[in-house]
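Presented below is the structure to which this report refers.
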Amino acid sequence: MRADEKFSSHWRKRRLPVSRLGRVVLVGAGPGDPDLITLRGAKMLAKADVIFYDELATNELLDHAKDRAVLINVGKRGHDEPTRTQDEINSLLLEHARQGRTVVRLKGGDPLVFGRGGEEMSLCAAAGIPFEIVPGVTSAVAALAYAGIPVTDRRHSASFAVVTGHKDPSRVSEQTRWRALGQSVDTLVILMGMRNLPRLVGELLAGGKSPETPAAAVMNGTLPEQRTCVSTLGELAAVAEREGISAPAVVVVGDVVGLRDGLSWWERQPLFGRNVLVTRASQQSAELAAALRSVGAAPVLEPMIEFSEIEDPVGQAKIASAIAMLDQTQSIVFTSSNAVRFFARALESIRGEGGVSASGLAGIHTFCVGERTAQVALAAGFPVHVVATGRSDAEALLGQLLQSPPAGGERVLIPGSQIARTLIADGLRAAGAQVDCVTFYENRRPDIDVAGLRGRLMRGELHALTFTSPSTVDHFVECLDDESREAAGQCMIAAIGRTTARQLESVGFRPDVVPSRPDVSVMVEELAAAVKGD
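In this note's numbering, the protein residues as written are 287 to 820.
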């Protein structure tokens, strides 16, 4: 039984009480870049109980889903066989909606542009199921925009047509249509046309289209893997084959292709096409991955660290005791955003939802290591009195704390993991404070595809490595053998801050980038600058 079938069986067994019909929301996923989904689309993903998604819909979009959402892959890629027949998809959509659930049908690009979205929503309408359509950004425009090719330009084109190239152009009816298209619009955009490209070109030429007409094919448009070939119409099929351009690709024919030299921007990004290893925990990798994509890089997600709540009774008792002692605590030091999150969860669990607010820490001075930690604390409703920033945030905060040494016996709580550094605690104890370092969460190594990681390094597929904590460094090094270690040394290496940089140096790696402040956006900016100047 497949995983999605198990989910479906699970839902049928639960048969939650239904007071009303659910609904189906057809959402356009956009052309590939996950940042191109609409705000409405992202909101609907966050509300969905069940998400049916196509292979062409970027999997990172599924990060918008809530934890208990059921995710079912029903798509295909290129000319592969689909994982589900259309009849099966239709049946499942109706089944879940009839049980009162919010169902999102996530389709690549715009779901009403050659996406069969209209057929699926017609089925819902006939069955009396409420539905909504959220348009998406179509690759017919977006892929070309990322290649620097506008579909219209008043100097060259006042009209364009978007056509599917999926049908056999050798059929008489199709021959007539293609020959007419070549003469009726200024810009012709062809989707799903790579398999039939030689014949499509032949029909356009037979209809009188000049073989010298500028033409291009854009593969994996809007992604870091984007590739573009430019030619004349007469040579396009041969050039595309020679350069390895295949589905998924968008073909464009028209004078607007000539604007690419001046308008190409995506492929000129400083990290375009470079694979960058992201070792951060999966729950926290989205921000770094997005920053890398914004400068053209392809994030390779291989978490070297994961965080979990404390499960053993002894550890839970210590957390409960720390929460109970808050009334006698004068200060709290948050050394990371994770410390804030797990502290907030514990506070809510023990004191109830009202405990997670400024009133929950009334009268307690709150200190944060780094701007990101402070942002998370404020978002959780906690007051923030002091924020230390710089290349060595922990040292900076300790210095600020010691400017007004704590009174003898003053109680300070430092929530953290089982391997948290003791620098701040040691300094405060030396100054006379009573410091409680309490483990609120566990920091551990996840399951890692060691063989796959070594293989990427050995084949030179990773151009840069990023590390956001000493633990990510330690767990990465544990994965290496002598050969892959040597290969890793050939990559550009970025560390989020001085503490992580020192850990890299201690295991024999020299970081090329240590940002001016420990922030993922700054780290990516400085990595891009370093690569550009290399």
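Where is the CB? At the ideal position from N, CA and C, for every residue including glycine.
Is residue j closer than 8 Å to residue i when the C-beta atoms are compared?
i       : j       : result
Asp-798 : Ile-779 : yes
Arg-566 : Thr-758 : yes
Cys-723 : Ile-705 : no
Val-564 : Leu-545 : no
Ala-503 : Val-471 : no
Thr-473 : Thr-438 : yes
Val-806 : Leu-557 : no
Asp-321 : Ala-577 : no
His-382 : Gly-308 : yes
Phe-400 : Met-505 : no
Ala-535 : Met-480 : yes
Val-655 : Ser-622 : yes
Tyr-339 : Leu-325 : no
Leu-647 : Phe-668 : yes
Pro-242 : Ser-568 : No answer is possible for residue 242: the residues shown for the chain start at 287 and end at 820.
Phe-753 : Ala-716 : no
Please list, in chain order, all residues of the same chain as residue i whose beta carbon is under 7 Å from its beta carbon, the five residues on each side excluded.
i       : result
Pro-303 : Because Pro-303 sits at a pLDDT of 42, beneath the cut-off of 50, its placement in the model cannot be relied upon, and the point is left open.
Gly-404 : Leu-398
Arg-306 : Gly-386
Ala-466 : Gly-493
Ile-636 : Ala-606, Ile-609
Cys-777 : Leu-748, His-749, Ala-750, Leu-751
Pro-497 : Leu-491, Thr-518, Leu-519, Gly-520
Arg-457 : none
Gln-614 : Arg-697
Gln-555 : Val-581, Gly-582
Given a threshold of 16 other Cβ atoms within 10 Å of its Cβ, counted over all protein chains shown, does residue i qualify as buried or as exposed?
i       : result
Lys-393 : buried
Gln-570 : buried
Asp-767 : exposed
Asp-712 : exposed
Asn-345 : exposed
Ser-445 : exposed
Pro-510 : buried
Gly-819 : exposed
Met-809 : buried
Gly-327 : buried
Ser-755 : buried
Asp-598 : exposed
Thr-659 : buried
Could you check which residue in the options has the C-alpha nearest to that of residue i?
i       : options                            : result
Ala-663 : Ile-323, Leu-325, Val-619          : Val-619
Ala-773 : Gly-783, His-749, Ile-782          : His-749
Ala-431 : Ala-315, Val-543, Arg-658          : Val-543
Ile-650 : Ile-609, Arg-658, Gly-638          : Ile-609
Met-407 : Ile-710, Ile-636, Leu-312, Arg-788 : Leu-312
Leu-867 : Glu-498, Leu-751, Gly-507          : The shown model of the chain, from 287 to 820, leaves out residue 867, and the question about it has no answer.
Val-390 : Val-360, Ala-413, Gly-414          : Val-360
Gly-540 : Glu-769, His-671, Leu-490, Gly-314 : Leu-490
Leu-378 : Trp-551, Gly-638, Val-310          : Val-310
Trp-464 : Arg-441, Gly-488, His-442          : Gly-488
Tyr-727 : Gln-555, Arg-658, Ala-632, Gly-559 : Ala-632
Ser-703 : Gly-638, Ile-375, Glu-592          : Glu-592
Arg-740 : Leu-714, Gly-775, Ala-716          : Gly-775
Met-611 : Gly-530, Lys-329, Ala-815, Gln-720 : Gln-720
Pro-484 : Ala-523, Gln-661, Glu-529          : Ala-523
Ser-595 : Ala-625, Ala-815, Arg-560          : At residue 595 the sequence reads Glu, which differs from the Ser that was named. If we check each option's Cα against that of Glu-595, Ala-625 comes out closest.
Below 6 Å CB to CB, which residues in the same chain sit around residue i once its five sequence neighbours on both sides are set aside?
i       : result
Val-448 : Ala-426, Val-475
Gln-616 : Glu-696, Arg-697
Arg-803 : Thr-675
Lys-299 : Note that Lys-299 scores 42 on pLDDT, short of 50, meaning its location in the model is unreliable; the coordinates nonetheless yield the value given after this. Within the same chain, Lys-299 has no close Cβ partners at all.
Ala-428 : Pro-317, Thr-508
Pro-421 : Gly-314, Asp-396
Val-763 : Val-793
Looking at the strands, I want to know which residues DSSP matches up with residue i.
i       : result
Leu-474 : Ala-447, Val-539
Lys-393 : Gly-314
Pro-585 : Val-562
Tyr-432 : Per DSSP, none; premise fails for Tyr-432.
Gln-720 : Arg-697
Cys-792 : According to the sequence as given, residue 792 is Ser; it is not Cys. In DSSP, Ser-792 forms no bridge with anything.
Ser-703 : Tyr-727
Pro-797 : Paired residues: none, contrary to the question.
Asn-359 : Tyr-339
His-671 : None; His-671 has no bridge partner.
Cys-765 : In the DSSP output, where bridge partners are listed per residue, Cys-765 has none listed.
Met-778 : Ala-750
With a threshold of 8 Å on Cβ separation, who are the neighbours of residue i within its own chain once the five nearest residues in sequence on each side are excluded?
i       : result
Gly-601 : Thr-725
Ala-351 : Leu-331, Ala-332, Ala-334, Ile-337, Leu-357
Ala-433 : Ala-502, Val-504, Gly-507, Gln-512, Thr-514, Arg-546, Ser-550, Trp-552, Glu-553
Phe-417 : Arg-309, Val-310, Val-311, Leu-312, Met-407, Cys-410, Ala-411
Thr-708 : Cys-723
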